[in-house]
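Participant: This structure is in structure tokens; I'll ask about it shortly.
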Amino acid sequence: MNTLNSIDPFLMQLVIVPLFVIGLGLVASIFTKKLYIAPICTLLLNFAYESITSWIGYGHLSLTMWNVIFPLVSFIIAWFVLFVKRGSKVN
46 MNTLNSIDPF LMQLVIVPLF VIGLGLVASI FTKKLYIAPI CTLLLNFAYE
96 SITSWIGYGH LSLTMWNVIF PLVSFIIAWF VLFVKRGSKV N
């Protein structure tokens, strides 16, 4: 846990966490070829991260709007990736 505490919170919340949760959601969506997997996986991962860090740091559950924004971004990127993959198979 000391490693996570040594990382700047600004860098953690705006770079590392989004890349991790959205990236894993996209990978899951691409492997399963199902669009709805990306936002679900992203939501679950971000919810787990936020609940663990807020519970350890503050002693209660505190959620942010990132739980809405990250799954939406993940859905849009997954839709685009799967649309392009399907379009390239037709040609």
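So that you can map any letter, position 49 of the sequence shown is 94 in the numbering used here, and since no number is skipped, the others follow by simple counting.
The C-beta atom is built at its ideal place from N, Cα and C for all residues, glycine as well.
So what's tyrosine 103 in DSSP terms, helix, strand or just coil?
Facilitator: It is helical.
Participant: Taking just the CA atoms, how far does alanine 83 sit from phenylalanine 125?
Facilitator: Their Cα atoms are separated by approximately 12 angstroms.
Participant: Name the two residues that bound the continuous alpha helix (DSSP H) containing leucine 71.
Facilitator: Residues 62-77.
Participant: CB-CB under 6 angstroms to alanine 123, same chain, minus the five flanking residues each way: which ones, in chain order?
Facilitator: Once the five neighbours on either side are set aside, the close Cβ partners of alanine 123 are Leu71, Ser74, Leu80, Ala83.
Participant: Given serine 37, which residues of its chain have a CB within under 7 angstroms of its CB, disregarding the five upstream and five downstream residues?
Facilitator: Summary: the structure shown does not reach residue 37, with the chain confined to residues 46 through 136, and so no result is reported for it.
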